[in-house]
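Inspection log for the structure reproduced underneath, given as structure tokens.
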Amino acid sequence: MSEIFAEQLTAVATAVLGLFAIVTAWYARRAFLKQSTEVSDQAEMLDLQRGQLAEQEKTSAKQAEVLGLQAKELQGSLEEREREAEERRRGQASMVATWFAWAPIADAFVSGSDWGRRYATPPTYRFSMSAPPSTGSRNPSRASAGSRCPRASP
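Under this note's numbering, the letters of the sequence shown match residues -10 to 143, in that order.
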């Protein structure tokens, strides 16, 4: 009986090992299929990212073009501001030159002349610069006739 028992025990152990082999093969197949789907999903994501990268490159190229145009526009604006500032400086310089030209040049260098009193200060007028001259009527010609401004017409 011991020989039969040993053979039966070996047969049962072989059957159990065969069953475990089948279960192991089933789990291995399941893991392989899961891994295969993950790899295919990763491949799809990689293709999607490649597409996004290509689209981003196109957008970056367009953005670089727009930034170049903006740089040109800013440079033009800066040059225009510099021209306007130069025009203002020239205008102010011409006003100063006109004011200095008002004084006779021969009197400016004569010793003992009163050039400083006559030409260094602007002329004063009777009316105040802070408030307009008051008039009793609405006639503008009468209002300008009352002031002593040399430019006003009588």
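Cβ atoms here follow ideal geometry from the backbone N, Cα and C, with glycine treated the same way.
Asked	Found
Have a look at Ile(-7) and Ala0 and give me their C-alpha separation to the nearest angstrom.	10 Å
Please report the distance separating the alpha-carbon of Leu8 from that of Ser25.	26 Å
If you draw a straight line from the alpha carbon of Val5 to that of Asp30, how long is it in whole angstroms?	38 Å
Using C-beta distances below 6 Å, list every residue in its chain close to Glu27, excluding the 5 sequence neighbours before and after it, in chain order.	none
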